[in-house]
Amino acid sequence: MAVLTETRTALPAGTWILDPVHSTIGFELPYLAGTFRGHFTDVDAKLSAGSLAGSARVASVDVKDENLAAHLQSPEFFDVERHPELTFAARSIERSGDELEVDGEITIRGTTKPVELAGTIGDPFTDGFGRDRVNVKLETTVDRTQFGLNWNMPLPNGQPALQNEVKLVAELYFVQEA
C-alpha cells in the first residue's frame, strides 16, 4: 500500500485581511533579570499569493504602564511624532507544509532594514460565522540600535538595563476578503 503525503507549498488563494481583534504584533527583549514584553493595539496587514505587508501605529504601544508607553513614544525611542508607523513588506515567501520563511524589509523609526522571519501557517478554515480564516505566526530578532532605538540606562552593577536584541513576534489571523 502506498502512502501519499501532501506538501503544501502555496499560500491560500485570494486576498486575506487582518482580523485585528484576534491578532497581535509584539516585541520581547531581555530587561533587568527577566523579559520585557509589549505589543501594538492598532495594527493592519494583508496576505495574498506571494505577498504579505503590515503596519503598526506606534502610538498604540501597550506595555501596561502609561508613563512607560509615553517614554516609548518619545524621541528617545520610537519618536511617534516623526515616525508614526512601523511597517513590513515581504520580498519573498517560502512555504513548506506548515512552515514559512519570509524575507522582507522592516521600517522602524524611518530606517529600513532587510529581515528574515520564520514561523508557521495554518490551513484555511471556516469559523462559526461562515468566514474563511487562516492564521500565521512569525518571529525574528533585530538589533534595536540599527533602527536608532539607542536609549539605555546603566544599572548599579554597570550592566545596561536593556539588551539590544529584540524579538519581534506576530500572531496574525486573517479573514478572506469578500
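If you use the numbering used here, the sequence shown corresponds to residues 11 to 188, in order.
Glycine included, every Cβ here is placed at the ideal spot set by N, Cα and C.
Reference residue i; option with closest CA among the options
i                : options                           : result
aspartate 133    : Lys177, Gly168, Lys147 and Pro164 : Lys147
aspartate 75     : Asn174, Phe46 and Phe135          : Phe46
aspartate 113    : Asp153, Gly120, Ala99 and Asn174  : Ala99
proline 170      : Val68, Tyr41 and Leu28            : Tyr41
threonine 136    : Ala66, Ala69, Arg67 and Tyr183    : Tyr183
serine 58        : Leu21, Gln156 and Ala43           : Leu21
glycine 48       : Thr97, Glu38 and Leu172           : Glu38
isoleucine 131   : Val90, Gly107, Ile118 and Val53   : Gly107
valine 90        : Ser61, Gly120 and Val144          : Gly120
valine 176       : Asn160, Pro85, Ser65 and Pro166   : Asn160
asparagine 167   : Ser33, Ile35, Thr34 and Ala43     : Ala43
methionine 163   : Phe139, Gly36 and Glu86           : Glu86
glycine 24       : Gly158, Arg143 and Phe157         : Arg143
phenylalanine 50 : Ala180, Glu187 and Ala188         : Ala180
Nearest-angstrom beta carbon gap, residue j and residue i [assumed within contact, 8 Å]
i             : j              : result
leucine 110   : isoleucine 103 : 7 Å
valine 125    : histidine 93   : Wrong, their Cβ atoms sit about 17 Å apart, outside the cutoff.
threonine 151 : asparagine 174 : With a Cβ gap of about 10 Å, threonine 151 and asparagine 174 do not count as contacting.
alanine 79    : valine 73      : 5 Å
Under the three-state DSSP convention, the category residue i falls into
i              : result
methionine 11  : Note that methionine 11 has pLDDT 45, beneath the 50 cutoff, so the model's placement of it is unreliable and the number below is only indicative. Three-state result, methionine 11: coil.
glutamine 186  : strand
asparagine 145 : strand
serine 84      : coil
threonine 17   : Low confidence applies here, because threonine 17 scores a pLDDT of 49, under 50, leaving its location unreliable and the question unanswered by this model.
glutamate 115  : strand
leucine 78     : helix
glycine 60     : coil
glutamine 173  : coil
Cross-strand partners of residue i (DSSP beta bridge)
i            : result
arginine 105 : Leu110
glycine 36   : His49 and Val179
arginine 252 : In the structure displayed, the chain extends from 11 to 188; residue 252 sits before or after that span and is not available.
leucine 28   : Phe184
Min CB distance residue i to chain D below 8 Å
i            : result
arginine 143 : Given the protein chain composition of this structure (a single chain), no chain D is represented.
Problem set entry | Whole beta strand (DSSP E) elements within the region 117–164, 3-residue minimum | 121–131 and 142–153
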